[in-house]
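Line by line, the protein sequences give chains A, B and C. If you read the first sequence in the working numbering, its first letter stands for residue 253, the second for the next number, and so on. If you read the second sequence in the working numbering, its first letter stands for residue 102, the second for the next number, and so on. If you read the third sequence in the working numbering, its first letter stands for residue 11, the second for the next number, and so on. Read the structure below first, then the notes.
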Amino acid sequence: MTKIGLEIHCQLTKLESKLFCPCKANYRDNEPNSNICPICMGLPGTLPRLNQKAIEKATLIAMALNCSTPEKIAFFRKNYFYPDLPKNFQITQLNIYGDTSIGGIGEITIGEKKIRITRIQLEEDPGRLIYEGSSSKNQITLVDYNRAGTPLVEIVTEPDFENPKQVRDFLKVLSDLLENLDVSDPSLEGAMRADANVSILGGNKVEIKNINSFHDLEKAVHFEITRQESLHSRNIPIVQETRHWDDQRKITISSRSKEGDLDYRYFLEGDIPWIKIGIDVQEKLKSTMPESIVSKKERYVKNYGIPEQVAEVLSSDKYYSDLFDESHNQTNAKEISNIITTDLMGLADTREKREQSKLNSSHLSDLADAILSGKLTRNSAKNALYEIIKSGKELSTIISELDLGNVSDKNKLEEIIKQVMLEEPQAVEESKSNPQTINFLVGKVMQKTRGKADPQLTLELLKKNLD
Amino acid sequence: MNKLVTEEEIELVAKFMKIDVHDHKEYVEKVHSMIDFFNILDSAGVEDEEIIIADLPLSKLREDMHIPYEDNLIEKLKNFKGNYVRAPKMI
Amino acid sequence: MNLKISALEFIEEVKTGNISVEDFISATIDQIKNIDEKLHAFLHVNPESVEQAKKIDKKIKLGEKVGSCFGMPISIKDNICIKNSKTTCASKMLENFTAPYDATVISKLKEQDAIFVGKVNLDEFAMGLTTEFSAFGPSRNPWNTDYVPGGSSGGSAVSVSAFECVASLGSDTGGSVRNPASFCSTVGYKPTYGLISRYGLISYANSIEQIGPITRTVKDTAFLLNIISGLDPNDNTTIDSGNADFLTDIDSGIEGKKIGVIQEMIGDGIDPAVLSATNDAVSKLEGLGAICEPVSIDMVKYSVASYYTITATEAGSNLARFDNLRYGYDLPLEGYEFNSYISKARTKFGPEVIRRMILGGFVPSAGHAGKYFLKSLKVKSKLTKEVNDAFTKFDYLVAPTVPVLPFKIGEKIDDPIALFLVDINTVIANLTGIPSISVPFSISNGLPIGIQLLAKQNDDKKLLQAARALETTVQLPEVPI
Ligand SMILES: [Zn+2]
Numbered sequence: 253m254t255k256i257g258l259e260i261h262c263q264l265t266k267l268e269s270k271l272f273c274p275c276k277a278n279y280r281d282n283e284p285n286s287n288i289c290p291i292c293m294g295l296p297g298t299l300p301r302l303n304q305k306a307i308e309k310a311t312l313i314a315m316a317l318n319c320s321t322p323e324k325i326a327f328f329r330k331n332y333f334y335p336d337l338p339k340n341f342q343i344t345q346l347n348i349y350g351d352t353s354i355g356g357i358g359e360i361t362i363g364e365k366k367i368r369i370t371r372i373q374l375e376e377d378p379g380r381l382i383y384e385g386s387s388s389k390n391q392i393t394l395v396d397y398n399r400a401g402t403p404l405v406e407i408v409t410e411p412d413f414e415n416p417k418q419v420r421d422f423l424k425v426l427s428d429l430l431e432n433l434d435v436s437d438p439s440l441e442g443a444m445r446a447d448a449n450v451s452i453l454g455g456n457k458v459e460i461k462n463i464n465s466f467h468d469l470e471k472a473v474h475f476e477i478t479r480q481e482s483l484h485s486r487n488i489p490i491v492q493e494t495r496h497w498d499d500q501r502k503i504t505i506s507s508r509s510k511e512g513d514l515d516y517r518y519f520l521e522g523d524i525p526w527i528k529i530g531i532d533v534q535e536k537l538k539s540t541m542p543e544s545i546v547s548k549k550e551r552y553v554k555n556y557g558i559p560e561q562v563a564e565v566l567s568s569d570k571y572y573s574d575l576f577d578e579s580h581n582q583t584n585a586k587e588i589s590n591i592i593t594t595d596l597m598g599l600a601d602t603r604e605k606r607e608q609s610k611l612n613s614s615h616l617s618d619l620a621d622a623i624l625s626g627k628l629t630r631n632s633a634k635n636a637l638y639e640i641i642k643s644g645k646e647l648s649t650i651i652s653e654l655d656l657g658n659v660s661d662k663n664k665l666e667e668i669i670k671q672v673m674l675e676e677p678q679a680v681e682e683s684k685s686n687p688q689t690i691n692f693l694v695g696k697v698m699q700k701t702r703g704k705a706d707p708q709l710t711l712e713l714l715k716k717n718l719d
Numbered sequence: 102m103n104k105l106v107t108e109e110e111i112e113l114v115a116k117f118m119k120i121d122v123h124d125h126k127e128y129v130e131k132v133h134s135m136i137d138f139f140n141i142l143d144s145a146g147v148e149d150e151e152i153i154i155a156d157l158p159l160s161k162l163r164e165d166m167h168i169p170y171e172d173n174l175i176e177k178l179k180n181f182k183g184n185y186v187r188a189p190k191m192i
Numbered sequence: 011m012n013l014k015i016s017a018l019e020f021i022e023e024v025k026t027g028n029i030s031v032e033d034f035i036s037a038t039i040d041q042i043k044n045i046d047e048k049l050h051a052f053l054h055v056n057p058e059s060v061e062q063a064k065k066i067d068k069k070i071k072l073g074e075k076v077g078s079c080f081g082m083p084i085s086i087k088d089n090i091c092i093k094n095s096k097t098t099c100a101s102k103m104l105e106n107f108t109a110p111y112d113a114t115v116i117s118k119l120k121e122q123d124a125i126f127v128g129k130v131n132l133d134e135f136a137m138g139l140t141t142e143f144s145a146f147g148p149s150r151n152p153w154n155t156d157y158v159p160g161g162s163s164g165g166s167a168v169s170v171s172a173f174e175c176v177a178s179l180g181s182d183t184g185g186s187v188r189n190p191a192s193f194c195s196t197v198g199y200k201p202t203y204g205l206i207s208r209y210g211l212i213s214y215a216n217s218i219e220q221i222g223p224i225t226r227t228v229k230d231t232a233f234l235l236n237i238i239s240g241l242d243p244n245d246n247t248t249i250d251s252g253n254a255d256f257l258t259d260i261d262s263g264i265e266g267k268k269i270g271v272i273q274e275m276i277g278d279g280i281d282p283a284v285l286s287a288t289n290d291a292v293s294k295l296e297g298l299g300a301i302c303e304p305v306s307i308d309m310v311k312y313s314v315a316s317y318y319t320i321t322a323t324e325a326g327s328n329l330a331r332f333d334n335l336r337y338g339y340d341l342p343l344e345g346y347e348f349n350s351y352i353s354k355a356r357t358k359f360g361p362e363v364i365r366r367m368i369l370g371g372f373v374p375s376a377g378h379a380g381k382y383f384l385k386s387l388k389v390k391s392k393l394t395k396e397v398n399d400a401f402t403k404f405d406y407l408v409a410p411t412v413p414v415l416p417f418k419i420g421e422k423i424d425d426p427i428a429l430f431l432v433d434i435n436t437v438i439a440n441l442t443g444i445p446s447i448s449v450p451f452s453i454s455n456g457l458p459i460g461i462q463l464l465a466k467q468n469d470d471k472k473l474l475q476a477a478r479a480l481e482t483t484v485q486l487p488e489v490p491i
């Protein structure tokens, strides 16, 4: 049997500042080493200044994954030497003196599959290394410490996964959950990383480190299972080892275990007292916790009669569900869910597009209301949506500028219908014996009005004229 | 001399701690006698003792606010190339 | 110019216009020039001291607001950061390190117009109790220059004792303020853990150490505590102790107070002169109306082993950052791989530091943590319980600060265990977080003896009252320099 366990590293990208200093938590798009201060550079004499919100956000994650949350949490030092680690130790969490990690044992169900969470811990991200120089003689490592100290939550699971598909399903649910909690933006580069451990047939466990995206995690696990199965089929023993994921070649590579990595000499970080998160604080946090994806979905189905599948898609994406929740009322809810899931998802499917989009919730309710009142056809609404995203203009402005309004003026429509009947005498004739032909005529009317004719009214009038 | 702790072990620890130790005698002997001295802890009878640590309410911690550092710190450090800190090659 | 005045006297003299800050600072700098070659308290003298003094004189003359220190000359142990000045920790490893920021205590003193006349000597990274382990050479005891001044804040105690400044800041990890204070006949204070911010103090054993003043009088210590103590957002371990002004009511006396005499600190290994001084101190305390009774604290026996295990562990980790990459000395990177480079760079640490780092790699390691480190934490916890228990019966505890008299330079440097035992009376205050003060008490054969008083956590103000009471019973000869 294949057993896979994960260690997910998730940056709390929704924070303003780093875990232990007031430098920016979002280190991206900065000149190298411009987002640093004496604290995150570990200068002698500096001390960590713990970020209150980081503890709150990490606790929310623990609660959302149904983990136990202790009343007091403690920090530990993990000691090892590496150039990206300014203090040459990492401040992290552990459960050696009782359960003092931010999240204890928990569980999450994905479809039918239960995944047990071992522990959740809050820790600091190291800086980043850049390798320079071609010949090994003059090679130099360059270090950018902008990332050093970024708040990172590590989610450790039991080896409960049996195949890469389960891993993928879990990652999907987890990233939706993190986004819904407003703790992290999983789409940011490097915001989600992972280590995995894989064993087959009860054999030795192999650790895979350095997997820099969720996308690669599934691949890495798949590669590793295949590698182990291939060894097994040739009767080659699988050694217990640590392998690195090579994201260029998409394979795992055995890494020589480095001396010094063997013993981290964990002990308590004396510069940070144990932090009391009393029951009252936990209750308060719980009350501020955003509605879960599951509960959103249920609400959408039950209250508005939105089909299960549409509700599923809508609820699992925070961007869409926020838009939906801000824009809908009892009457237009279903129509809005339609606009979002059929049209908007194609127009705002990437981070960049979402960031550039000028759409707001009142645009959406206007659109839905216009459709419901027959002012716009669905087709015209789609065109209007495209314009709104681009320009952010009011729907009414766009309708008049692009002349999108429905042709629902009876006289005007009747005129067009008469014209079509003159142009298509054969179809008119045929319609007497074959009622299906009427659809062809509706199509012709639509063509002439560039899709703006009210389809209901068109049909009505056509029938009347044909009789 | 404490035979529980070997000379090799102490040398290995020095290596872990990233210090080239040349004069082994100087270190090994004194470190040995120090560790020997620590064996007194075995008779303290504290096995069942709980470890007490001071605590702080969450509300006393720093508010999550970005405050840029006033100086260009990298210029005050050494070994930099452009905006990067230089480190030796990694193997 | 009379340099032999206390901090409070200095302020009074300046306020009343009897002396100018410039004259006093100039005389202080002359004193340093004249005698520091012999004593070696200073690693660095501030060349701008006199200029700074002139500015303060000008402010006084113009009637502008002047900080409460009025240009008082203060020396600072060289493990506390002053912005844009060198902070070496008396180590070759940091010989060229310029701190880019001020320690909290430094900012607070700057606001009150203190003048930092210089940075003073210590055992490298504060690891020692004689100042012999300074990479830049030992300091000498002004009472007899063949003798050690104590440590690790040796430079601080020497500079105060030899009138090279009015007051000094040291740091106390296991007695590093009180021990040299006792050896040099000055007041030395280790506050309740968290009373003073450690931001800007280069860590040795961060879970137990504190910055502490070294002064001529108990009142001067109270005065400095008023300035430098308090909650600091830059140090999550600082506490709101509830002590308001440490100076008010300092003369309240100790009538009716109960004082426990720690039996484990006046038994085996104590120098007879120290024992007799301690007995004398107990009588004097009783003479002031206190009730003194023996008290036993079992865990004292194990406290030194626990102390050195914990400090070695924390030091091993705290000093890991010195890898010579972001700051340090010139050593080209080319031709080295990371591990070989930093292992080579770190040979700049002195032998005592290297020994402690090896210990610090050993005692918390996976195979040995249970036997050494974990047990040490448990001793620390049990000791804390015992001490808290004692304070349910007593207001104060008393013991000699150091069980022996100052010894000769070189006498114990090669015997780590003999050195360990010199710490036995002071480490308990660090392991339990309680405040403790060393008060100059007597001179035996020309060498000073200090008496240590201890109080329960956050009773700093009350402790100063007892120290002040004891101080009033003492008349000491002048330092023979
Ligand atoms: Zn920073």
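C-beta atoms are modelled at their ideal positions from N, C-alpha and C, and glycine is treated no differently.
Check: Check: proline 79 (chain C) C-beta below 7 Å from any heavy atom of ligand 1; Outcome: Here the sequence assigns cysteine to residue 79 (chain C), which means proline is not the residue at that position. No.
Check: Sub-8 Å separation of glutamate 323 (chain A) and lysine 605 (chain A) beta-carbons; Outcome: no
Check: Neighbour list for alanine 188 (chain B) in chain A, Cβ cutoff strictly below 9 Å; Outcome: Pro335, Asp336, Leu381, Ile392, Thr393, Leu394 and Val395
Check: Exposure of asparagine 189 (chain C), with buried meaning 16 or more beta-carbon neighbours within 10 Å; Outcome: buried
Check: Closer than 7 Å: glycine 401 (chain A) CB and nearest ligand 1 heavy atom; Outcome: yes
Check: Exposure label - histidine 123 (chain B); buried when at least 16 CB within 10 Å; Outcome: exposed
Check: Distance between aspartate 595 (chain A) and alanine 622 (chain A) (C-alpha atoms, nearest Å); Outcome: 16 Å
Check: Segment contact, 8 Å Cβ cut-off, at least three pairs: the region 436-448 of chain C with the region 204-220 of chain C; Outcome: yes
Check: Residue-level contact to chain B via CB, cysteine 319 (chain A), 8 Å cutoff; Outcome: no
Check: Residues near isoleucine 238 (chain C) in its chain [Cβ-Cβ closer than 6 Å; skip 5 each side]; Outcome: Val115, Lys118 and Ile206
Check: Rounded C-alpha distance that separates isoleucine 591 (chain A) from isoleucine 360 (chain A); Outcome: 32 Å
Check: Near ligand 1: isoleucine 291 (chain A) beta-carbon under 7 Å from a heavy atom; Outcome: yes
Check: CB contact below 8 Å: aspartate 121 (chain B) versus chain C; Outcome: yes
Check: As assigned by DSSP and simplified to three states, the class of isoleucine 669 (chain A); Outcome: helix
Check: The region 139-158 of chain C contacting the region 425-438 of chain C, beta-carbon criterion three pairs below 8 Å; Outcome: yes
Check: Glutamine 582 (chain A) burial status per 10 Å Cβ neighbour count (16 or more: buried); Outcome: exposed
Check: Exposed unless 16 or more other CB atoms sit within 10 angstroms - verdict on glycine 27 (chain C); Outcome: exposed
Check: Short CB-CB distance (under 8 Å) between valine 694 (chain A) and chain B; Outcome: no
Check: Nearest neighbour of histidine 261 (chain A), chosen from A:Ala310, A:Thr298 and A:Lys276 [CA to CA]; Outcome: A:Ala310
Check: Bridge partner(s) assigned by DSSP for histidine 54 (chain C); Outcome: C:Lys129
Check: Lysine 388 (chain C) beta carbon less than 8 Å from that of isoleucine 152 (chain B); Outcome: yes
Check: Alpha-carbon spacing of proline 374 (chain C) relative to methionine 118 (chain B), whole angstroms; Outcome: 12 Å
Check: Test: leucine 142 (chain B) CB closer than 8 Å to a CB of chain C; Outcome: yes
Check: Asparagine 631 (chain A) versus asparagine 278 (chain A) - alpha carbon distance; Outcome: 40 Å
Check: Beta-carbon proximity of threonine 98 (chain C) to glutamate 105 (chain C), cut-off 8 Å; Outcome: yes
Check: CB contact check: valine 405 (chain A) to chain B, cutoff 8 Å; Outcome: no
Check: Cβ pair alanine 113 (chain C), cysteine 91 (chain C) closer than 8 Å; Outcome: yes
Check: Cβ of asparagine 365 (chain C) within 8 Å of any chain A Cβ; Outcome: Checking the sequence, you will find arginine at residue 365 (chain C) rather than asparagine. Output row for arginine 365 (chain C): interface = no.
Check: Paired residues, beta bridge with tryptophan 526 (chain A) - DSSP; Outcome: B:Asp156
Check: Segment limits, alpha helix (DSSP H) that includes aspartate 621 (chain A); Outcome: 613-624
Check: Bridge partners - glycine 161 (chain C), DSSP secondary structure assignment; Outcome: For glycine 161 (chain C), which the question treats as bridged, DSSP gives no partner whatsoever.
Check: Beta-carbon proximity of valine 412 (chain C) to alanine 172 (chain C), cut-off 8 Å; Outcome: no
Check: Buried or exposed (CB count within 10 angstroms, at least 16 for buried), alanine 17 (chain C); Outcome: buried
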